[in-house]
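Sequences listed follow chains V and A, in order. Per our numbering, the very first residue in the first sequence carries number 8; after that it's consecutive. Per our numbering, the very first residue in the second sequence carries number 8; after that it's consecutive. Beta carbons: idealized from backbone N, C-alpha and C, even for Gly.
Number of protein chains: 2
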Amino acid sequence: MKKLINDPQNVVPETLAGFEAVYADYVKVYYDEDDNPYVVRADAPVAGKVALVSGGGSGHEPLHAGYVGMGMLDAAVPGAVFTSPSPGPILEATKAVNAGAGVLHIVKNYTGDVQNFEIAAEDAADEGIEVKAIVVDDDVAVQDSLWTTGRRGVAGTVLLEKIVGAAAQAGKNLDECLALAEKVNGQVRSMGVALTACTVPHAGKPSFDLPDDEIEVGIGIHGEPGRRREKYTSADAITDELIKPVLDDLKAPAGSQVLLFVNGMGGTPESELYIVYKHAREVVESYGLSVARSLVGNYITSLEMQGCSVTVLLLDDELTGYWDAPVDTPAMKK
Amino acid sequence: MKKLINDPQNVVPETLAGFEAVYADYVKVYYDEDDNPYVVRADAPVAGKVALVSGGGSGHEPLHAGYVGMGMLDAAVPGAVFTSPSPGPILEATKAVNAGAGVLHIVKNYTGDVQNFEIAAEDAADEGIEVKAIVVDDDVAVQDSLWTTGRRGVAGTVLLEKIVGAAAQAGKNLDECLALAEKVNGQVRSMGVALTACTVPHAGKPSFDLPDDEIEVGIGIHGEPGRRREKYTSADAITDELIKPVLDDLKAPAGSQVLLFVNGMGGTPESELYIVYKHAREVVESYGLSVARSLVGNYITSLEMQGCSVTVLLLDDELTGYWDAPVDTPAMKK
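Shown next as structure tokens:
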């Protein structure tokens with residue numbers, strides 16, 4: 008294993024130390040009494056505003072800490088690599104950002120994440136903080152998986168954090184933010200592919216074996232198995248296998264406007280993401296839909312995995328307005 | 008070779024088609040009569056402004072097309088992967104962005120790039136366009152290399168394009184922009200390391216062999232050999248081997264402010280870049296320097312290569328002011 012790391016046990020705190028030094032204007036990094044980190048917007052709590060807290064295992068950077076800032080998240084809670092954060096730092100983050108208007112937890116649908124955010128929410132309620140939660144489950148690849156009951160939460164989370172973050176910034180109350188989050192989650196679908204595995208630092212070897220001529224279609228963001236393993240073909244053929252299930256599941260009415268998001272898994276050259284985007288857009292248009300907004304890049308990754316995911320969000324004026332609203336975070340600016 | 012591509016010969020035009028569709032508000036992609044592409048700012052030519060044109064082989068995305076827009080480049084000319092663009096599209100780009108105030112060519116020091124930009128500049132002069140050129144040579148790793156006489160131009164180019172782009176946007180004339188570019192090039196130093204090789208699509212196999220336990224210190228952005236090959240150790244030890252030669256060569260006076268830039272080669276997890284940044288910053292401070300500005304991310308890549316480069320720019324009020332100035336391009340926004 009060759010990685011730009013020192014002790015595998017220190018990957019997360021060393022990463023956060025560098026991140027905080029670069030983005031001191033945006034975030035502060037704290038540790039709870041058990042040395043679990045949480046990342047808080049530098050100007051939190053923001054008076055009168057519903058606070059948004061997300062989190063999950065590390066290894067998906069820039070998610071979630073990169074989205075802490077004006078118009079997006081108020082706090083992010085990073086666990087160890089590919090490991091759910093414990094309830095303790097989620098509770099501390101919730102308390103740190105609460106401004107009295109309530110806190111929305113944005114949780115990707117993995118069993119550990121869901122359980123630990125629930126415990127933290129109950130503990131926060133005991134301290135008089137109103138918490139509601141949205142569980143994101145946009146991955147159409149598999150119904151249940153290794154670590155999940157129901158569909159997994161993947162790249163749609165980034166879009167949801169941006170849109171609901173804009174609504175919170177605009178002064179919407181907790182129930183309105185939750186309703187908007189449920190709407191976004193109901194209108195977004197994703198699917199991913201891996202060309203290579205990735206290596207979790209404390210494991211020291213690739214998470215799975217993928218032969219030189221095969222790909223894993225429907226991969227999860229931790230390398231969980233997908234729909235099937237098959238021979239490598241070409242970008243267009245692979246893109247078809249991602250975008251068509253997404254669109255078939257979404258069932259957007261012809262004539263609708265959508266946001267098309269091609270996300271890199273971390274080790275994919277940017278050029279390849281644009282090649283996937285080009286063909287995915289052609290397929291979207293062949294379904295009678297119009298691509299009104301786009302996002303291409305590494306936004307929710309799996310360490311150095313090569314591959315990508317394709318996400319489609321059905322837009323309307325409300326969602327487009329919040330998507331276009333100003334945002335100023337380390338990893339997303341408008 | 009597993010890549011999200013179709014025909015290796017079509018990687019660049021398919022990438023640009025996707026890129027242009029995403030960033031239609033920022034850029035237009037044109038082809039000259041020999042089907043060579045060039046990328047032009049959507050609102051070019053910008054009246055009264057010195058125009059900045061850069062370019063070079065593809066495979067370093069987001070460089071250069073990602074930096075076309077307000078406050079940075081007016082045009083970018085992408086060659087085939089790791090191959091200099093020919094003079095034809097450089098000339099066409101120069102003509103397309105010329106607003107009568109002259110054009111500055113920003114050229115990384117590779118023999119092919121330097122020659123072809125020179126030919127295009129002469130042809131432009133024949134058509135009455137005043138062109139000056141800065142050749143960037145910030146890589147301290149080697150004096151001459153496979154494709155270069157003198158030092159190579161690497162990540163310092165990104166900083167130069169931002170700073171001189173801001174000056175051009177502010178209305179500085181061609182001589183002032185050139186003088187500023189020469190100043191930046193004189194105050195910036197870089198050095199990189201590769202943990203893995205990358206595969207050029209039309210070659211179909213890795214550019215070089217690097218054993219599982221070795222790294223290449225002083226690598227170029229096309230995988231050209233560096234200073235030495237050695238055993239993999241740790242992030243901090245590797246970072247020492249990059250930042251110390253950079254600082255020793257730069258010889259910034261103690262007490263100076265610098266910009267510290269850690270750049271990913273394309274296949275490196277973002278977390279690892281922050282780990283490198285953390286230690287590099289400690290070393291910078293141990294030299295009596297102060298890190299006043301920072302940049303961390305994939306800004307000039309080598310396809311899917313794993314590794315990074317470290318760049319230090321000696322700042323003063325003029326450079327800091329231009330660095331902080333607004334910029335709105337696909338890959339850099341402030």
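Could you pull out every residue in the same chain whose Cβ sits closer than 8 Å to the Cβ of residue i, ignoring the five residues on either side in sequence?
i: residue 108(A); result: 55, 56, 57, 58, 180, 181
i: residue 242(V); result: 279, 282, 283, 286
i: residue 157(A); result: 116, 144, 150, 151
i: residue 212(A); result: 8, 206
i: residue 330(A); result: 166, 169, 170, 173, 266, 300, 322
Helix, strand or coil: how does DSSP classify residue i here?
i: residue 310(V); result: coil
i: residue 158(A); result: coil
i: residue 299(A); result: strand
i: residue 240(V); result: coil
i: residue 268(A); result: strand
i: residue 141(V); result: strand
i: residue 274(A); result: coil
i: residue 293(A); result: helix
i: residue 322(A); result: coil
i: residue 37(A); result: strand
i: residue 329(V); result: helix
i: residue 20(V); result: helix
i: residue 260(V); result: coil
i: residue 340(A); result: strand
i: residue 44(V); result: strand
At the 8 Å Cβ level, is residue i part of the contact set with chain A, yes or no?
i: residue 242(V); result: yes
i: residue 336(V); result: no
i: residue 315(V); result: yes
i: residue 43(V); result: no
i: residue 138(V); result: no
i: residue 37(V); result: no
i: residue 294(V); result: no
i: residue 318(V); result: no
i: residue 197(V); result: no
i: residue 164(V); result: no
Who are the Cβ neighbours of residue i in its own chain at under 6 Å, not counting the five residues just before and after it?
i: residue 248(A); result: 224
i: residue 73(A); result: 337, 338
i: residue 81(A); result: 48, 51, 58, 59, 104
i: residue 335(A); result: 76, 77
i: residue 313(V); result: 202, 203, 274, 275
i: residue 245(A); result: 200
i: residue 37(A); result: 45
i: residue 294(V); result: 254
Does any residue of chain V have a CB that is nearer than 8 Å to the CB of residue i?
i: residue 26(A); result: yes
i: residue 223(A); result: no
i: residue 22(A); result: yes
i: residue 192(A); result: no
i: residue 270(A); result: no
i: residue 18(A); result: yes
i: residue 63(A); result: no
i: residue 275(A); result: yes
i: residue 115(A); result: no
i: residue 69(A); result: yes
i: residue 33(A); result: no
Have a look at the options and flag the residue whose alpha-carbon is nearest the alpha-carbon of residue i.
i: residue 28(V); options: 328(A), 298(A), 341(A); result: 298(A)
i: residue 64(V); options: 48(V), 19(V), 39(V); result: 19(V)
i: residue 193(V); options: 35(V), 49(V), 323(V), 24(V); result: 323(V)
i: residue 41(A); options: 66(A), 47(A), 78(A), 93(A); result: 93(A)
i: residue 3(V); options: 130(V), 121(V), 229(V), 35(V); result: Nothing can be reported for residue 3(V): it is not among the residues displayed for chain V, which extend from 8 to 341.
i: residue 237(A); options: 250(A), 221(A), 230(A), 226(A); result: 221(A)
i: residue 90(A); options: 123(A), 60(A), 320(A); result: 123(A)
i: residue 15(A); options: 50(A), 334(A), 87(A); result: 87(A)
i: residue 147(A); options: 317(A), 341(A), 326(A), 102(A); result: 317(A)
i: residue 257(A); options: 333(A), 198(A), 232(A); result: 198(A)
i: residue 4(A); options: 61(A), 162(A), 178(A), 240(A); result: Any answer about residue 4(A) is impossible in this case: the structure gives chain A only from 8 up to 341.
i: residue 24(A); options: 10(A), 46(A), 70(A); result: 46(A)
i: residue 269(A); options: 303(A), 254(A), 250(A); result: 303(A)
i: residue 71(A); options: 340(A), 306(A), 261(A), 326(A); result: 306(A)
Spatial neighbours of residue i within its chain, please: CB distance less than 7 Å, with the 5 preceding and 5 following residues excluded, ordered by chain position.
i: residue 128(A); result: 112, 138, 140
i: residue 215(A); result: 204, 230
Which residue spans inside the region 55-138 of chain A form an unbroken beta strand (DSSP E) run of at least 3? With a minimum length of 3 residues, the unbroken runs of beta strand (DSSP E) contained wholly in the region 55-138 of chain A fall at 58-65, 82-88, 110-115.
What residue ranges within the region 167-193 of chain V form continuous alpha helix (DSSP H) runs of no fewer than 4 residues, ordered along the chain? Secondary structure in the region 167-193 of chain V: the alpha helix (DSSP H) runs of 4 residues or longer, each lying completely within the stretch, are 181-193 in chain order.
Could you give the uninterrupted runs of the beta strand (DSSP E) lying entirely in the region 200-242 of chain A, keeping only those of 3 residues or more? Every unbroken stretch of the beta strand (DSSP E) spanning 3 or more residues and falling wholly within the region 200-242 of chain A is given here in chain order: 221-224, 235-238.
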